[in-house]
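J.:
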Amino acid sequence: QLPPSESLKIFSTILSSLDELNIKDPQDYVCAIRSFSTSFIMVKNGKFSNEEKQGVKDFCDERGFDLIYYSNIMPDETNKNIKINKPYYYECFSKIIGIDKEDFINEYEFDVSPTTDNKPFFFHFFKPSHIPKILASYGKTWQPFGGGGYLILFALLLISVLLSIMLIIIPLIIRSKRFNLKVYKWQIFVYFFAIGIGYLFIEIPLMQKFILYLGHPIYSVSTVLFSILFFSGLGSLILGKNTQYFSIKICALLILILILLMLSPVLLKNLMAYPFYIRFISCILIL
57 QLPPSESLKI FSTILSSLDE LNIKDPQDYV CAIRSFSTSF IMVKNGKFSN EEKQGVKDFC
117 DERGFDLIYY SNIMPDETNK NIKINKPYYY ECFSKIIGID KEDFINEYEF DVSPTTDNKP
177 FFFHFFKPSH IPKILASYGK TWQPFGGGGY LILFALLLIS VLLSIMLIII PLIIRSKRFN
237 LKVYKWQIFV YFFAIGIGYL FIEIPLMQKF ILYLGHPIYS VSTVLFSILF FSGLGSLILG
297 KNTQYFSIKI CALLILILIL LMLSPVLLKN LMAYPFYIRF ISCILIL
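With my numbering, you'll find the sequence shown wraps up at 343, consecutive numbering, no jumps.
1) Distance check for P331 and L323, CA to CA, integer angstroms please.
2) Buried or exposed: which applies to R335, given that a residue is buried once 16 or more other Cβ atoms fall within 10 Å of its Cβ?
3) Candidates S68, L209, S127: which alpha carbon is nearest K160's?
4) Give the range of the beta strand (DSSP E) segment to which A88 is assigned.
5) Can you tell me the Cβ-Cβ gap for D84 and S127, rounded? I've got them flagged as a contact below 8 Å.
6) If we ignore side chains and look at the alpha-carbon of each, how far apart do Y247 and F287 end up?
7) Report, in whole angstroms, the separation of the C-beta atoms of I97 and I70, which I expect to be a contact under 8 Å.
8) Is it true that the segment 131–145 meets the segment 114–122, where meeting means three or more beta-carbon pairs spaced less than 8 Å apart?
9) Tell me the DSSP secondary structure of T69 in three-state form.
10) Taking the CB atoms as reference points, tell me whether P316 and I342 lie closer together than 8 Å.
11) Of the residues V277, S150, L228, L285, which one's Cα is nearest the Cα of Y255?
12) Take E165 as the anchor and find which of Q243, I155, K183 has the nearest alpha-carbon.
13) Span of the alpha helix (DSSP H) holding Y126?
14) How far does the beta strand (DSSP E) with V99 in it extend, from its first residue to its last?
15) Which whole-angstrom value is the C-beta distance of P170 and I267, which I expect to be below 8 Å?
16) Where does K175 fall in DSSP's three states?
17) Quick check on the burial criterion: 16 or more other C-beta atoms within 10 angstroms. Buried or exposed for C87?
18) Check for me: the alpha helix (DSSP H) holding K136 runs from which residue to which?
19) For L309 and M328, I'd like the C-alpha separation in whole angstroms.
20) Under a Cβ-count criterion, where at least 16 other Cβ atoms within 10 Å of its own Cβ denotes burial, should C307 be classed as buried or exposed?
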């Protein structure tokens, strides 16, 4: 794909990881080549020697691959065997290495910022600021990542909102006139609507955080949904039967939540290497 997206994001993630390991001159530890449709990035536990760089060059010449990057590569060494209009890959990879890499990443057509535990969705390349460019090139260029396909999500959101209005809000208005519902009924509606939004704001970040911990999105979604719904229902049942010292219980709950927020990152990090069933049980207990 031109301009590059996947390979560039992998490259920026690798460099970011090397920086976090306090490795000096991380660009000396990587080497990248490409075929007609794929890219291959090598990371070494040490700097690539001149002999190794020459070996990579010979490999590309013998098998028809193209060089993208190694430290101190010259522009005329790239875009030789699989020629494109200009050396996009070399230019982009070199800018990721450069001192203005943050500006380059912010201004680039796709989101190629490093993937991290807090931003784990590698294939999220879409940038809302580039919607005009996407619409201008829609149907004219190949856009497998970050292109017009993401706009369908906004269309689906709009359709969902309209259907919600038709199937929930409008019937509620009709019923309120028919049964003469008072204003406080609408306050109850707003109250439960706020609870639903609150659940979403809690559930979605937890699902994202537990993907890494449990190893798969399905495990994360099912565990978080089950735990939150089950224990919130259990808590409502218990508090509903005994309303004494309600404010004290709420304060104690808030203190417990704050303690868990501080301790859970440490607990999750230390339990990461344990078997799945231990991680699964600990996840339920934390939630």
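By construction, the Cβ of each residue, glycine as well, lies at the ideal position given by its N, Cα and C atoms.
T.: From the atom records:
1) Looking at the two C-alpha atoms, the distance is approximately 14 Å.
2) Flag for R335 reads buried.
3) Note that residue 160 corresponds to Phe in the displayed sequence, not to Lys. The shortest C-alpha separation from F160 is found at S68.
4) Where A88 is concerned, the enclosing beta strand (DSSP E) stretches over 86–90.
5) D84 to S127, Cβ: 5 Å. Contact.
6) Distance between the alpha carbons of Y247 and F287: 20 Å.
7) Their Cβ separation, rounded to whole angstroms, is 7 Å, which keeps I97 and I70 in contact under 8 Å.
8) By the Cβ criterion, the segment 131–145 is in contact with the segment 114–122, since at least three pairs of Cβ atoms, one from each stretch, lie closer than 8 Å.
9) Correct three-state label for T69: helix.
10) The sequence shown places Leu at residue 316, not Pro. Going by C-beta atoms, L316 is nearer than 8 Å to I342.
11) With distances taken between Cα atoms, Y255 lies closest to L285.
12) Of Q243, I155, K183, the residue nearest in Cα terms is K183.
13) Per DSSP, Y126 lies in no alpha helix (DSSP H); the unbroken beta strand (DSSP E) holding it starts and ends at 122–126.
14) For V99, the enclosing beta strand (DSSP E) starts and ends at 95–99.
15) About 17 Å; that fails the 8 Å criterion.
16) Three-state result, K175: strand.
17) Per the 10 Å Cβ criterion, buried.
18) Judged by DSSP secondary structure, K136 falls outside any alpha helix (DSSP H); it is assigned neither H nor E.
19) Each residue's Cα considered, the two are about 27 Å apart.
20) C307 comes out exposed.
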